[in-house]
Every structure is written in structure tokens, then in C-alpha cells.
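No gaps in the numbering here: position 293 of the sequence shown is 293 in the numbering used here, and each next residue is one more.
Yeah, the Cβ is synthetic: ideal placement off N, Cα and C, and Gly gets one too.
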Amino acid sequence: MDPDSARQPQGKLGKGGHALIGANLGTRGKHYVCGSLAAFTNIIVTFPIQKVLFRQQLHGVRATEAVRQLQREGLRHLYRGLLPPLLQKTTTVAIMFGLYEDFSRLLLRHAHRSGAPELVTRSVAAALAGTAEAALTPFERVQTLLQDHRHNGRFNNTAHTFRTLLRDYGVRECYRGLVPVLLRNGPSNVLFFGLRGPIKQRLPDARTHVGHMANDFVCGGLLGAALGIMFYPLNVVKSRAQAQVGGEFVPCHQVLMTVWRERGGSIVLLFRGATLNYHRSLLSWGIINATYELLLKVF
């Protein structure tokens, strides 16, 4: 133990205490913990925005109408469906950052011997981490059902929704919408981790802790917002597929064509909600990236 940490007053966490926590977590474990805490902070702040966005994706309504829907349902329903994204996001972001570091470490070890380019190795690590995240699709599935007002009378809460799906339809029903999740997660992870460093290098040099946090927020926010727009149609398909309970599993491209026809073949209507998604992603990934980098320094 660092001798300085033993002299810290009880109930306070100083520099030695941070070092002790970091030592207990280990070099590998801290990436998972920091990712999880960063996601927790983000979800609490941005959940109401996400709920408005979900209504736009599912029903193709304007943001004002989505807000009115939530107002009519009342404050007691505003955070309905919070637990699934809280569990899912804190776990997936932990997996995203943690597995990326673990896969990178493992693959780079072999890459040095084989002469494989580091860019390729890290891209593979990012894709593998994104694919692993898809194992938690059931949380997105339950979140979708709890946020859809058409199911308010059928599903009471997270535990009840899981029980109902497993009892009446089986495990497979919990993974409805898996394909768009897989198509989204792998490529978006590759781009996020691949571009995060180069974007930050182009930002003004930071000389203070606040400056570093601001740069991390801007870097993560810009990337999250851009990737949110790029993969927005996949999120629309996922929301539509997961709003269905029971029945045939419709292929991803057929769901997309159904939405396309319902919205009159309009790109503008297909991307309805994308503006709010852009701002939500800007805020969300700014918070996640800045909090993650801050916690890495703390631990």
C-alpha cells in the first residue's frame, strides 16, 4: 500500500486513495468500471430525450407530438423503462471499452510477431467488442416494449416483461431485432475507436483538467453524433422490429421496406427524429467519453 494512502482521513479520498482503488481494480478491470460509470451518468441525464426520440422512430411523429404524448402520460411514466437501458448501457459500454482494451492487448501481441498493421488489429478488436455487446440485445428489446405506449397495459415493469416474453414466447423472442444491432455495433465501434485519437489531436491543446474534459467531450460528442446519423435507419428498423410481440421474425430488409412504404418513400420521413438523435448523441457520447477519460485518470 502507498504509505500516503494510509494517512488519508477517514471518509475522504485523496490521491493515495485513488491509487489504491486503481491498484485494486487492476489495469484491465478499471476500463470496465470506468465505462460502466460513464454510461450510468449519461443514461440518467439523457433518458427523457431518448424516450422522445424513440416515439419519433416508432411512429414517425414530430418531436412536439412525441413530447405531448409523454405529457399526456404524466411524470410517473416519464422514466418508465429506465431500468433496461440502465442495465444494458452500463454493461455494454463497460464491454465496449473493456473488451476493446483486452482484445487490443491480445491481438497486438500476435500482430507484432506476424507483422500485421496496428490499425487493422485495433479495428478487429473494436469489431469483436461491438459484436460481444449484441449479447445484451434483450435489454434493448424490453426497453422498446416499455417505452411503447401501446404496451402500457400489458407489461408492468422490466422483470414482468422478461417473465412474460420467456414464458409465452421463449428466449428467441428476447433477441428480436438482433440483426440490425449486429450491423450497427461492429462498424460503429471500429469508427469510434479508430477516429477518436485523430479527432482529439486536431483540437486545441489543453493545459488544464477542464480543457482536457472539454476536448474529450467534443471528441466523443462529434463522433457519437456523426455515427448516430450514419446508422440511424438501422435503429429505426430495430425499433420497429422490437415493437412486435410474437409472430413471424421478419428479415431486416423487409422491415426497412415496410417503414419506407408507410412513410411514402421519403428519406426525410425515414430520418424523422434524426435531428434529435444527433443532439442526444452529441450530449450522450460527449458525457460518456469525457467521464470515461476523467475516471481513468482518477483511478
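query: Please determine, among R163, Q88, R184 and R113, the residue with the shortest C-alpha to C-alpha distance to L128.; result: R184
query: Report yes if the C-beta distance between T46 and R196 is below 8 Å; otherwise report no.; result: no
query: Measuring CB to CB, does L270 end up less than 8 Å from V255?; result: no
query: I'd like to know whether the C-beta of A135 is nearer than 8 Å to at least one C-beta of chain D.; result: The structure shown contains no chain D; it holds only a single protein chain.
query: Pick from D102, V210 and R76: whose alpha carbon is nearest that of A304?; result: Lying outside 1 to 299, the shown extent of the chain, residue 304 is not represented and no answer is given.
query: Count the other C-beta atoms from every protein chain shown that fall within 10 angstroms of the C-beta of S114, then say buried if there are 16 or more, exposed otherwise.; result: exposed
query: Compute the Euclidean distance between the alpha carbons of P187 and V142, then round it to the nearest angstrom.; result: 24 Å
query: List the whole-angstrom C-beta distance separating G211 from L282, where the pair is believed to meet the contact cut-off of C-beta under 8 Å.; result: Contact flag wrong, Cβ pair sits at about 19 Å.
query: Could you compute how far the alpha carbon of T161 sits from the alpha carbon of Q147?; result: 12 Å
query: Could you please give the first and the last residue of the uninterrupted alpha helix (DSSP H) stretch that includes T90?; result: L83 to S114
query: Taking just the CA atoms, how far does R163 sit from L223?; result: 37 Å
query: Using the rule of at least 16 other Cβ atoms within 10 Å of the residue's Cβ for burial, across every protein chain shown, is R55 buried or exposed?; result: buried
query: How is the alpha helix (DSSP H) around A290 delimited, first residue to last?; result: A274 to V298
query: Please classify R122: is it buried, with 16 or more other beta-carbons within 10 angstroms of its beta-carbon, or exposed?; result: buried
query: Put S266 into one of helix, strand or coil per three-state DSSP.; result: coil
query: I want to check one thing, is the minimum distance from the CB of F97 to the heavy atoms of the ligand PLP below 7 Å?; result: With respect to small molecules bound, the structure shown includes none, and the ligand PLP cannot be examined in it.
query: Taking DSSP as the reference, what is the three-state secondary structure of T208?; result: coil
query: Between which two residues does the alpha helix (DSSP H) harbouring Y79 extend?; result: Segment: none, Y79 is in no alpha helix (DSSP H) and carries neither H nor E.
query: Sorted by chain position, which residues of the same chain lie with C-beta nearer than 6 Å to A225's C-beta, five sequence neighbours on each side aside?; result: Y278, S281 and L282
query: So which of T92, E73 and A63 has the shortest CA-CA distance to F346?; result: Shown here, the chain extends from 1 to 299; a query on residue 346 therefore has no answer.
query: Along the chain, where does the alpha helix (DSSP H) that runs through R150 open and close?; result: Element bounds for R150: n/a, residue is neither H nor E.
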